[in-house]
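These protein sequence lines map, in sequence, to chains A and B. Note that our numbering numbers the first sequence so that position 56 is 56, with each residue one more than the last. When you read off a place in the second sequence, starting at 1, and then add 432, the result is the number in our numbering. Where is the CB? At the ideal position from N, CA and C, for every residue including glycine. Nothing here was measured: the structure is a model prediction, and the numbers come from that model. In what follows, a structure is listed as structure tokens, so that the remarks can point back to it.
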Amino acid sequence: MTETKTDELVGRGNKEGADLFREWFDGLAETAKQGKGAAYVFVMGSMAELLHVFDFPLVLPEITSLQTAVRRVADTYLAEAEDYGYSPDICGYVKADIAVQLRGGQHPMGQIPKPSIAVMTNACNTYIKWAEIWERMYGIPLVVLDVPATRQAGGQFQPGSSDFERDRKYVEAQIRELIPLCEQVSGKKFDIDRLRESLGYANDMNEGWRRVLELNKSKPSLFNAVTDGTVYLGVSNNLRGTKKGSQFFKNLVEEMEYKSAHGIGTQIVEKYRLGFVGVPCYPIFRRFSELFTEWGGNFVHSTYLNFASGGGSLGYQYDVNRPIESLAEGFLISVREAMDNMFHQDRVVIDWVKNYDLDGVVYHPIKSCRTVSTGLADGRRAMMAATDVPSLFIESDMMDKRVVSEAQMKNRADAFFEGLASRREAAKIAQS
Amino acid sequence: MTLRLFETWQNQTLEGIFAECRELAEDADFPTVKRWRENGGKVLGHFQVYFPEEIAHAAGMLPLKMRGAPVEPTHSDSRFGSYLCSILKTNLELVLSNRVELDMFVTHPICDAARNLAAVWGRNYSYPCQILYLPQNANSRASAEYLRGEYERVKNDIEALTGTKVTDEALRNSIAVYNENRSLLRKIYEIKRRQPWLLSGFEAYLLMNVGGMILREEHNEMLKAAIPLIEARPAKRQDKIRVVFEGGFCEQPPLDLIRAISQSCYIVDDDLLIGLRWILEDVPLEGDLLMNMADAYLEKSTYSPVQHDARKPKEKMLLQRIADSGAEAAIITAAKMCEPGLEDQVSYTKALDEKGIPYFVGEFEENMTSFDSMEIQLETFTENLIFS
Chain A
1 MTETKTDELV GRGNKEGADL FREWFDGLAE TAKQGKGAAY VFVMGSMAEL
51 LHVFDFPLVL PEITSLQTAV RRVADTYLAE AEDYGYSPDI CGYVKADIAV
101 QLRGGQHPMG QIPKPSIAVM TNACNTYIKW AEIWERMYGI PLVVLDVPAT
151 RQAGGQFQPG SSDFERDRKY VEAQIRELIP LCEQVSGKKF DIDRLRESLG
201 YANDMNEGWR RVLELNKSKP SLFNAVTDGT VYLGVSNNLR GTKKGSQFFK
251 NLVEEMEYKS AHGIGTQIVE KYRLGFVGVP CYPIFRRFSE LFTEWGGNFV
301 HSTYLNFASG GGSLGYQYDV NRPIESLAEG FLISVREAMD NMFHQDRVVI
351 DWVKNYDLDG VVYHPIKSCR TVSTGLADGR RAMMAATDVP SLFIESDMMD
401 KRVVSEAQMK NRADAFFEGL ASRREAAKIA QS
Chain B
433 MTLRLFETWQ NQTLEGIFAE CRELAEDADF PTVKRWRENG GKVLGHFQVY
483 FPEEIAHAAG MLPLKMRGAP VEPTHSDSRF GSYLCSILKT NLELVLSNRV
533 ELDMFVTHPI CDAARNLAAV WGRNYSYPCQ ILYLPQNANS RASAEYLRGE
583 YERVKNDIEA LTGTKVTDEA LRNSIAVYNE NRSLLRKIYE IKRRQPWLLS
633 GFEAYLLMNV GGMILREEHN EMLKAAIPLI EARPAKRQDK IRVVFEGGFC
683 EQPPLDLIRA ISQSCYIVDD DLLIGLRWIL EDVPLEGDLL MNMADAYLEK
733 STYSPVQHDA RKPKEKMLLQ RIADSGAEAA IITAAKMCEP GLEDQVSYTK
783 ALDEKGIPYF VGEFEENMTS FDSMEIQLET FTENLIFS
């Protein structure tokens with residue numbers, strides 16, 4: 001009986017995640033085939049909950065771009081954008097997408113529809129610059145949802161304070177301005193009950209995501225935050241605010257609860273519990289992970305899962321009885337959480353060291369993304385001053401294999417694990 | 433104004449004023465800031481591009497425009513990764529090396545790198561280090577009210593730090609000082625546009641640059657003394673092409689690069705230190721002063737790659753700047769690793785191609801010391817235009 005249950009549950013999230021991802025891409029290809037437009041949105045605050053009300057298919061260009069790297073064809077896309085005039089020193093996601101647009105939407109996973117509207121937050125300034133390119137290419141409306149985040153370390157405005165209410169009202173006003181624009185672009189009237197429904201599904205997903213991340217405190221950990229976690233993250237973004245997304249996370253929680261209860265970990269024997277800070281190395285995605293798993297190192301958490309889920313990891317629950325007000329509050333709190341996981345990552349990691357019982361932390365700043373990478377070296381210094389946990393700092397890129405040196409990264413990773421092993425031996429000797 | 437931070441320009445010829453400004457601009461020890469602190473003053477350092485200095489000024493602080501410096505980032509390098517612009521590192525270097533001491537630091541969400549600075553700074557210093565969330569949705573009807581609230585918040589923080597209440601009277605006085613300053617800078621730029629042979633782009637830049645590190649009353653005094661001298665200059669028109677320089681909104685090109693460009697071209701307009709000239713009209717001195725400032729930021733302002741405003745598509749604004757200044761060509765630059773600058777270079781050049789306006793494209797870094805090849809390329813570019 002237990003074996004049957006294990007076979008049924010273990011690995012289900014990865015399989016379902018992959019299937020849903022394929023389905024999402026196929027849906028985009030179908031939209032493109034029909035000549036329909038899509039809403040182009042970003043992972044840190046997609047506003048999917050509202051956009052679903054107007055039946056916009058959602059294109060997440062960060063995800064379509066990273067897929068060119070995972071499929072090892074990003075170099076041709078980057079080269080095409082650079083030939084067009086874009087610098088080698090700007091975000092690789094932007095350049096891969098420009099090449100997709102220049103190719104009329106052709107992508108290794110299928111056709112991407114053109115945008116009919118672009119909606120983004122200020123969580124990443126490059127979102128805005130990127131969308132300005134579509135604005136020029138297609139003459140579409142571009143809406144920046146401006147989310148004021150933490151002003152000073154440790155100084156988050158809390159609900160109930162006048163400062164928080166000022167920020168929330170600003171976000172709410174912007175959402176209320178977005179609604180008539182969506183009506184105009186989609187030709188569909190706003191339906192508040194559909195928003196309630198979408199918020200309800202988003203609640204399930206937020207709570208599921210929070211619980212899944214929490215369950216990875218288990219020993220051994222239940223999933224690899226860099227590899228498996230990225231699959232789950234994809235669903236949390238692509239299917240945000242949908243019934244399928246809701247069911248996926250209910251299933252995933254069931255799987256992880258089961259694994260936790262039965263002491264089932266990942267496919268490796270976990271020797272070292274690691275935290276990951278930054279963005280995965282997509283050009284060598286699997287190999288990058290192996291640099292650590294080969295030594296028995298498993299990533300039990302990642303700032304990426306927090307910020308790239310738009311702060312969904314916080315588990316915010318919308319109040320469907322006051323949908324727009326609550327959407328504004330949840331959006332503000334969640335997107336702020338995403339930003340805190342980039343700018344104030346030191347605080348997040350110091351918390352993990354204790355609560356996830358980390359043996360080490362891997363920092364992976366990347367050339368392409370200054371939002372994530374600018375403060376990592378300084379954050380690492382703060383983490384090292386506050387804890388006794390060793391860390392590894394390796395730079396590469398999420399798209400551009402010209403700045404990914406696998407051999408050099410392996411040398412650094414090997415030395416890191418040798419240090420962890422020596423440290424563990426020394427601790428044993430000290431205890432004996 | 434009792435304390436003077438920059439006196440050496442007084443009783444000088446115009447060339448002497450330029451020389452003194454250059455000396456101050458290149459002094460990485462920031463003597464004016466030191467003098468201010470020695471006299472018990474507090475300093476608010478703010479990162480590029482725009483900060484409402486009037487609020488700090490009204491509280492009796494010295495607002496310091498942190499626009500980088502010619503220093504090696506020996507201390508700050510270890511706080512940052514590899515693929516970043518220089519100005520992030522040199523600004524932090526100024527404080528880590530004790531060249532500049534601050535009492536408060538403010539950055540803005542102008543780009544992905546700069547918005548990290550409040551956190552980086554805050555991990556290294558115990559004084560207030562924060563981000564002022566200037567609106568990125570300039571087209572929302574709620575933006576002005578929201579920004580007014582942000583200004584109020586910053587005002588409260590400044591009051592708590594200094595122990596000085598920012599009264600309406602003090603703020604009104606400060607706005608008036610800054611209105612005058614912006615008006616004088618507009619005059620400088622008008623001279624550049626109308627009679628660029630009277631004032632080179634390099635000289636104008638020197639006059640403007642020092643404004644970010646002295647009291648604005650002093651800057652006004654200096655500009656009021658310099659402008660009549662400029663207008664009376666016996667300079668003759670030369671056979672130089674008129675260009676707009678674009679790309680200096682944040683990190684600043686080395687002075688010698690601006691000088692080199694000025695030798696071969698008339699820089700008739702530019703976006704150098706655009707934050708000092710962000711607001712295009714006088715801020716009203718009646719009514720809700722913070723709201724007036726917020727409204728001016730959003731509604732009576734120029735453009736830059738780091739603010740999205742549907743009313744101000746960057747390439748159209750550049751074409752307008754070229755038309756308004758009667759420029760024949762454009763120099764489109766970006767600081768190395770500057771994502772917004774590099775991205776807009778493409779839209780600028782496509783728009784210039786469409787209009788058939790000649791342009792020169794380049795990258796710079798504030799600490800670059802050799803630009804022989806750029807000078808040669810630029811000379812070739814200008815000669816081609818002159819002889820075509």
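Skipping 5 residues on each side, what residues in its chain have a beta carbon closer than 7 Å to that of residue i?
i: alanine 545 (chain B); result: Leu516, Cys517, Leu520
i: glycine 500 (chain B); result: Ser518, Ile519, Thr522, Asn523, Glu683, Gln684, Glu798
i: arginine 511 (chain B); result: Leu524, Val552
i: glycine 310 (chain A); result: Val43, Met44, Gly45, Ser46, Ser334, Val335, Ala338
i: alanine 460 (chain B); result: Ala501, Pro502, Val503, Arg531
i: serine 632 (chain B); result: Ser694
i: leucine 639 (chain B); result: Cys453, Ile620, Leu655, Ala658
Going along the chain, which residues of its own chain have a beta-carbon closer than 8 Å to the beta-carbon of residue i, five neighbours each way excluded?
i: aspartate 589 (chain B); result: Met536, Pro560, Gln562
I'd like to know whether the C-beta of residue i is nearer than 8 Å to at least one C-beta of chain A.
i: glutamate 525 (chain B); result: no
i: glutamate 775 (chain B); result: yes
i: leucine 730 (chain B); result: no
i: leucine 534 (chain B); result: no
i: cysteine 561 (chain B); result: yes
i: arginine 547 (chain B); result: yes
i: asparagine 530 (chain B); result: no
i: glutamine 627 (chain B); result: no
i: arginine 753 (chain B); result: no
In angstroms with no decimal places, state the Cα-to-Cα distance between residue i and residue j.
i: leucine 476 (chain B); j: arginine 436 (chain B); result: 18 Å
i: arginine 604 (chain B); j: alanine 726 (chain B); result: 14 Å
i: glycine 683 (chain B); j: glutamate 798 (chain B); result: Before going further, note that residue 683 (chain B) is glutamate rather than glycine in the sequence given. Cα to Cα, the separation comes out at about 7 Å.
i: threonine 765 (chain B); j: proline 686 (chain B); result: 13 Å
i: alanine 636 (chain B); j: leucine 661 (chain B); result: 13 Å
i: alanine 488 (chain B); j: lysine 587 (chain B); result: 8 Å
i: asparagine 548 (chain B); j: threonine 445 (chain B); result: 43 Å
i: leucine 722 (chain B); j: glutamate 650 (chain B); result: 24 Å
i: glutamate 80 (chain A); j: alanine 99 (chain A); result: 6 Å
i: leucine 332 (chain A); j: arginine 166 (chain A); result: 11 Å
i: phenylalanine 299 (chain A); j: threonine 227 (chain A); result: 9 Å
i: cysteine 182 (chain A); j: methionine 493 (chain B); result: 46 Å
Mark residue i as exposed unless 16 or more other C-beta atoms lie within 10 angstroms of its C-beta, in which case mark it buried.
i: tyrosine 84 (chain A); result: exposed
i: arginine 743 (chain B); result: exposed
i: asparagine 306 (chain A); result: buried
i: glutamate 418 (chain A); result: exposed
i: phenylalanine 343 (chain A); result: buried
i: serine 162 (chain A); result: exposed
i: proline 113 (chain A); result: buried
i: alanine 48 (chain A); result: buried
i: arginine 785 (chain B); result: The amino acid at residue 785 (chain B) is misidentified as arginine; the sequence shows aspartate. Label assigned to aspartate 785 (chain B): exposed.
i: serine 558 (chain B); result: exposed
Determine the closest residue to residue i out of the options, with distance taken between C-alpha atoms.
i: valine 372 (chain A); options: B:Leu638, B:Ala664, B:Cys543; result: B:Cys543
i: alanine 69 (chain A); options: A:Ala421, A:Val404, A:Lys217; result: A:Val404
i: leucine 496 (chain B); options: B:Gly707, B:Leu810, B:Asp714, B:Val778; result: B:Gly707
i: proline 280 (chain A); options: A:Asp89, A:Gln174, A:Met399, A:Ser432; result: A:Met399
i: isoleucine 699 (chain B); options: B:Asp714, B:Leu712, B:Arg674, B:Arg709; result: B:Arg674
i: valine 185 (chain A); options: A:Glu3, A:Leu20, A:Lys36; result: A:Lys36
i: glutamine 777 (chain B); options: B:Thr812, B:Glu747, B:Ile449; result: B:Glu747
i: glycine 200 (chain A); options: A:Lys244, A:Tyr93, A:Asn216, A:Arg22; result: A:Lys244
Under 8 Å, Cβ to Cβ, is there at least one residue of chain B near residue i?
i: threonine 371 (chain A); result: yes
i: alanine 407 (chain A); result: no
i: glutamate 16 (chain A); result: no
i: tyrosine 170 (chain A); result: yes
i: lysine 367 (chain A); result: yes
In its own chain, which residues sit with a C-beta less than 6 Å from the C-beta of residue i, not counting the 5 before and 5 after it?
i: arginine 194 (chain A); result: Val53
i: tryptophan 295 (chain A); result: Phe417
i: leucine 704 (chain B); result: Tyr637, Gly680
Measuring only from the beta carbon, is residue i closer than 7 Å to any heavy atom that is part of the ligand ADP?
i: glutamate 612 (chain B); result: For the structure depicted, the ligand ADP is absent and the ligand set is empty, with no information on it obtainable.
Is the CB of residue i under 8 Å away from at least one CB in chain C?
i: glycine 45 (chain A); result: As a matter of chain content, chain C is missing from the structure shown, whose protein chains are A and B.
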